[in-house]
Every structure is written in structure tokens, then in C-alpha cells.
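Student: My questions all concern the structure below.
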Amino acid sequence: MQFLVIGGSGSGKSEYAERLALQLAGAGPRIYLATMQVWDAECRARVECHRRQRSGRGFVTVECPRNLAECKAAELDGSGTILLEDLGNLAANELYAPGADSQSAERAILQGVEQLAQRSRHLVLVSNEVGTGGTRYAGDTVQYLRLLGHLHQQLARQVDHLCEVTGGMPYYYKGRNLL
1396 MQFLVIGGSG SGKSEYAERL ALQLAGAGPR IYLATMQVWD AECRARVECH RRQRSGRGFV
1456 TVECPRNLAE CKAAELDGSG TILLEDLGNL AANELYAPGA DSQSAERAIL QGVEQLAQRS
1516 RHLVLVSNEV GTGGTRYAGD TVQYLRLLGH LHQQLARQVD HLCEVTGGMP YYYKGRNLL
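Here you go:
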């Protein structure tokens, strides 16, 4: 079963997606697929904060900031529930990689998600809602926003469940709330 959980900054989307992944996994393996590219001390601090927040919940963390389809982690054996946090980071990492463009970034992400779906029992994708913040942006930001919006459209068509979280509350557009 595949879920796409979208929400704005501070919406509660990550907490909701984590609870959902725990529910889906039951006693089975829980994999937290982290997509943040660690560039500096601030990034490392954020990663450590997130790890502390997840501690004791039974997640095995797999770091994969790019090339999802090539992620060779042994934990991705088809039996577990994968929580991918998040598509926004992944899109930026793929788009701004040397020699990349929107088409290659989109292709890499969609192929990677397809591979993850085949290598998991359940897949929960978390993403940022960035399409409601206006249209006046400069340079590469427009390209990034278009890529993420297009990914949302593509993935929304293929997942079993699609929800948006606002104020900590999930609103389902496709499928139903399993919590």
C-alpha cells in the first residue's frame, strides 16, 4: 500500500506520517529513509534532532539523499514499511546535482519510488506543499517548485492514499485514513 502525505511547514505532516508508518508496520520492519543532504553543522544538528525524536520507535534509518533506485540497503527486502522523509529534499538534491535538469531529476525520483514500492510492504511518502505560496520567485526556485508540483501530480495518480495535513489533521483526497 502506498501513501502520499503532503503538508506545509509545521503542519504536522511528519508526525502524522510517522504514526501511519508505525500503524502499517505493526510488528514488522520499519525503515526511515532519510533524504536530507548533510552539508554542514546545521544540517547535522537537524539530523540528530530528528533521530532523537524517532528513538525508541523501532525505525532503522537508511540515508539516501539521491539515487533512490540505487539504494542497496539490506533493510529494503520487501518485508518492511518505508517512511520516506521527504520528497522536497530529494527533489532539491536531484535537481541541483551536477549535470542534472528537471527531466532527469523527475525520472530519477519516479524510478526510485517505483523501486521502493517493489522493495517494501508499505510505502509512506512525505512531501512539502509549496504550490500555495504564490508565483513570484526568481531563478532556480521556479524550476524546483515546478518539479515538486509535477512529482505530486504524478505520485498522486499512482498511490493508494493521498492526504494533506494541516493543523495536525489529515484530509484525504484519495483512499481513507487508517489511523
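For what it's worth, the numbering used here labels the leading residue of the sequence shown as 1396, then goes sequentially.
Beta carbons are placed, not taken as given, at the ideal position from N, Cα and C, and that holds for glycine.
(1) In terms of residue numbering, what span does the beta strand (DSSP E) encompassing cysteine 1558 cover?
(2) In chain order, what residues of the same chain lie with their CB nearer than 6 Å to the CB of leucine 1518, ignoring the 5 residues before and after it?
(3) Classify methionine 1431 as buried or exposed, calling it buried when 16 or more other Cβ atoms lie within 10 Å of its own Cβ.
(4) Look up arginine 1571 in the DSSP assignment and say whether it is helix, strand or coil.
(5) What is the C-beta distance between arginine 1446 and threonine 1456, in whole angstroms, given that I count them as a contact (C-beta under 8 Å)?
(6) In three-state terms, what does DSSP make of arginine 1541?
(7) Please tell me whether leucine 1419 and leucine 1482 are closer than 8 Å, where the distance is taken between their beta carbons.
(8) Hey, quick one: how far does the alpha helix (DSSP H) through arginine 1414 stretch, first residue to last?
(9) Spatial neighbours of leucine 1550 within its chain, please: CB distance less than 6 Å, with the 5 preceding and 5 following residues excluded, ordered by chain position.
(10) Pick helix, strand or coil for glutamine 1397, following the three-state DSSP scheme.
(11) Can you tell which of Gln1498, Ile1504, Leu1490 and Val1525 has the C-alpha that lies nearest to the C-alpha of serine 1406?
(12) May I ask which residues mark the beginning and end of the beta strand (DSSP E) holding serine 1497?
Tutor: So, from the data block:
(1) 1556 to 1561
(2) Gln1397, Ile1477, Leu1511 and Ala1512
(3) buried
(4) coil
(5) 7 Å
(6) In the structure shown, arginine 1541 sits in a helix (DSSP, three-state: H, G or I).
(7) no
(8) 1408 to 1420
(9) Leu1399
(10) Strand, per DSSP.
(11) Val1525
(12) It is not in any beta strand (DSSP E) - serine 1497 instead sits in the alpha helix (DSSP H) that spans 1497 to 1513.
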